[in-house]
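These notes concern the structure reproduced below.
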Amino acid sequence: MKRDEDASPLIFNDHVLRDDDDDHPRHSFRDRYRSFWSQIYSFFPFLIDDPRFSQHGSRISLLLIVFVAVAGLISFFSILQRLNSPYLCKKDGIVLHCPRVKENPSLWENPFSATTSWKPCAERRDGGISDLPPENETSGYIFIHAEGGLNQQRIAICNAVAVAKIMNATLILPVLKQDQIWKDQTKFEDIFDVDHFIDYLKDDVRIVRDIPGWFTDKSELFTSIRRTVKNIPKYAPAQFYIDNVLPRVKEKKIMALKPFVDRLGYDNVPPEINRLRCRVNYHALKFLPEIEQMANLLVSRMRNRTGSPNPYMALHLRFEKGMVGLSFCDFVGTREEKAKMAEYRQKEWPRRYKNGSHLWQLALQKRKEGRCPLEPGEVAVILRAMGYPKETQIYVASGQVYGGQNRMAPLRNMFPNLVTKEELASKEELAGFRKHVTSLAALDFLVCLKSDVFVMTHGGNFAKLIIGARRYMGHRQKSIKPDKGLMSKSFGDPYMGWATFVEDVVVTHQTRTGLPEETFPNYDLWENPLTPCMCKA
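Every position in the sequence shown, counted from 1, becomes a number in the working numbering once 424 is added.
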């Protein structure tokens, strides 16, 4: 307008409208009104009552204007009603009125629209007819030792049920074997509800509590080579058990399978077997009522730490001395700390350590590939970049952190509301659970499972079982799996500003929050149960 001498015909001249400017003529509202309509008539001359226009043409023009106006009003009210009213959708084959949900990005849950396409479908079918033969007509009995910690034992139990189904064998209740690291004497019935386990699977596999009475030498199952199948490869296909294990079970009637860690594959077994494993994991294996009750109490306390209901985050921090040593990664520390860690690695893993000359290059390579555990300080920076405020309530599931309070200081300074089960509950409340290490691990498992957001910092059975279970429950709960490879590049870039780092973190992790993912060859069933254990909603 300043460049042109004449103002635009559809925009009022600012100088003309100002009454307080004595250098310009003042115009009344009526003058401006007439000027406005004169411009309209210049664009639409048929609106003028002029004899030059025929009566027939005026009527057509008038009808056209009325038609456009009515159509516009109808469209406007239709759009308004569509936005404010429910829409039709189908659920279980029935047409329903479903409310429209306007979503904003949330720190505490995945988008509703991204989590409604799949539903769990591995549960037992009510009213189903069992086709299991009587106990004395099965192929024989199989017996396994579930080794390792609680979560490794859980996977072994699921696999044992699946293998029994493959061979049509009777499963003897698995024994939880004492582990060299955990040093725990827990029995199956000390952790899990045996009655529920057997009853829930009664239409799938025949399970007995103990070795049958007619087999007198029970110790033979633990010691005799004749009663043990030891040549089972890792991630073996179903056909391997049919060809190699089943004949020996039929011959000896009772056989022990040992070792039994990861001795059944995922994509080389029938889909119904994988669905059965999910049925065991998500429905049949229930912790004892007292464990469930204590976990619910801890969850309640986490949700009310601020005096009013609040969400909470569960952080699985894997930075124990054993994990740091086994990773063979390099971490920040003094020369004395590094020397002690080198001695520890040489003592525990002499074959991998050798003379130590190759470890620096190995450490750099592993960090670039994202195979190193995240340090507490790194976790804190990533969470702040994601937008979690300082006041966030965080439950920490972890063993004794390597480096102690000094190593935890950056995380605690950025997120002071860190608590463990030992801080949430009294010694008296936890006394009954200290008899078994796996009972304490079960409490951590349940509190993490029920959290609003779960964050893992390194791999392992605990984290992948939690993520898989939260996916199975509907993908709504956020389960954050940091991209450690990308983060290592960002942490190592001295020229990257905070704003760029925040953008990288947010963009990278938009799809790493436990959303539905299609399975792929050699996938991990426990972390992603989508295809075999879930159905299209």
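All C-beta atoms in this analysis are idealised placements derived from N, C-alpha and C, irrespective of residue type, glycine included.
Quantities reported herein were computed from a predicted structural model and do not represent experimental measurements.
- Here DSSP, grouped into helix, strand and coil, assigns L867 to helix.
- From the listed residues V879, I615, E675, F711, the smallest Cα separation to G564 is found for E675.
- In the DSSP annotation of this structure, the continuous segment of the alpha helix (DSSP H) that includes L783 starts and ends at 783 to 792.
- As a beta-bridge residue in DSSP terms, H740 pairs with A821, M880.
- Taking every protein chain shown into account, the CB of A493 has fewer than 16 other CB atoms within 10 angstroms, so this residue is exposed.
- S903: member of the beta strand (DSSP E) spanning 902 to 904, first to last residue.
- Per DSSP, reduced to three states, the secondary structure at Y665 is helical.
- Counted as a single uninterrupted DSSP element, the alpha helix (DSSP H) harbouring Y624 occupies residues 618 to 624.
- Under the three-state reduction of DSSP output, V632 falls in the strand class.
- W922 carries a helical assignment under DSSP once its states are collapsed to helix, strand and coil.
- Residue state for A708 is assigned as helix, using DSSP reduced to three classes.
- Taking a contact to require three or more Cβ pairs closer than 8 Å, the stretch 638 to 648 and the stretch 734 to 742 do not qualify as touching.
- The alpha carbon of R742 has as its nearest neighbour, out of G884, L939, A787, A593, the alpha carbon of G884.
- Under the three-pair Cβ rule at 8 Å, the stretch 841 to 856 does not count as touching the stretch 768 to 777.
- Spanning the alpha carbons of F839 and L873 requires a straight line of approximately 21 Å.
- Taking 7 Å as the cut-off, the beta carbon of L786 is found no closer than this to the beta carbon of F755.
- Cβ-Cβ distances below 8 Å link V693 to A586, I590, P661, A662 in the same chain, with the five nearest sequence neighbours on each side left out; the list follows chain order.
- T935 carries a helical assignment under DSSP once its states are collapsed to helix, strand and coil.
- Around the CB of F491, fewer than 16 other CB atoms lie within 10 Å, so the residue is classed as exposed.
- Annotated three-state conformation of C957 is helix, per DSSP.
- Taking all protein chains in view, the Cβ of T862 is crowded by 16 or more other Cβ atoms within 10 Å, so the residue is classified as buried.
- Annotation: V930 to A538 spans about 17 Å, alpha carbon to alpha carbon.
- In the DSSP assignment, L700 falls within the alpha helix (DSSP H) that extends over 695 to 703.
- In terms of Cα proximity to I678, the closest of A708, A588, I566, C957 is I566.
- Contact between V820 and L739 holds, since their C-beta atoms are separated by about 5 Å, short of 8 Å.
- Between R630 and N560, the alpha-carbon positions lie close to 11 Å from each other.
- For E716 and S903, the gap between their C-alpha atoms comes out near 21 Å.
- Secondary structure note for A680: its beta strand (DSSP E) is the uninterrupted segment 678 to 681.
- The Cβ atoms of L949 and Y690 lie closer than 7 Å to each other.
- The alpha-carbon separation between A865 and L574 amounts to approximately 7 Å.
- Sequence-distant Cβ neighbours of A766 in its own chain, meaning closer than 7 Å and more than five residues away, are G780.
- P713 and R759 have their C-alpha atoms roughly 49 Å apart.
- Boundaries of the alpha helix (DSSP H) around K851: 851 to 855.
- Here M920 is exposed: its Cβ has fewer than 16 other Cβ atoms, across all protein chains shown, within 10 Å.
- Measuring C-alpha to C-alpha distances from P558 to each of T881, L597, V632 identifies V632 as the nearest.
- Boundaries cannot be given for F536, as no beta strand (DSSP E) includes it and DSSP labels it neither H nor E.
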